[in-house]
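One structure below.
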Amino acid sequence: MSKINTALINRLVAAGGLVVKKKAPEFVRSWHDDPDDRDREVQKYDPDDYEYWSKYNIFFNRKSEILAGIDFHDIPSVHYDALSDDWYAETSIHTRSVLAAVQARLQSQNVI
Numbered sequence: 129m130s131k132i133n134t135a136l137i138n139r140l141v142a143a144g145g146l147v148v149k150k151k152a153p154e155f156v157r158s159w160h161d162d163p164d165d166r167d168r169e170v171q172k173y174d175p176d177d178y179e180y181w182s183k184y185n186i187f188f189n190r191k192s193e194i195l196a197g198i199d200f201h202d203i204p205s206v207h208y209d210a211l212s213d214d215w216y217a218e219t220s221i222h223t224r225s226v227l228a229a230v231q232a233r234l235q236s237q238n239v240i
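To convert, note that position 109 of the sequence shown is 237 in the working numbering; the numbers rise steadily by one, no gaps.
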């Protein structure tokens, strides 16, 4: 099973990132399932498995101390999606430059 990068998540949270996460619904067997499958064990996931979460984001905004001085323009926040291991922000003409500035700052502080 694929694991989320908990070390990176912990560093982002320590740097002032706020976590938004939602647990995925657990699998439930139905009476309509194949009778041969009813005796098989249901897969269980750990909190560091991708499958355990339906959403896991860490976000930063202009109030984050580590990002002081970065001009967010009209973008309210920048997000790190732990499930896709990617950064994103609201679409704007400034999105690329703001994402680049945030990532550069976090790299210079040895967070990412």
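Ideal Cβ placement from N, Cα and C applies to all residues, glycine included.
Predicted, not measured: the structure shown is a model, and the values here were computed from it.
Taking C-beta separations shorter than 8 Å and ignoring five residues to either side along the sequence, the partners of I198 in its chain run R190, V226, A229, V230 and R233, following chain order.
Contact between I203 and S192 is absent: CB atoms are separated by about 13 Å, not below the 8 Å threshold. Within a 10 Å sphere around the beta-carbon of H207 sit 16 or more other beta-carbons, which makes this residue buried. Under a 10 Å Cβ-count criterion, A135 is classified as exposed, with fewer than 16 other Cβ atoms of the shown protein chains found around its own Cβ. For K149, the closest alpha carbon among the candidates I194, S130 and D209 is that of D209. Looking only at Y173, K183 and V147, the smallest Cα-Cα distance to S212 is reached by K183. DSSP, read as helix, strand or coil, puts V148 in strand.
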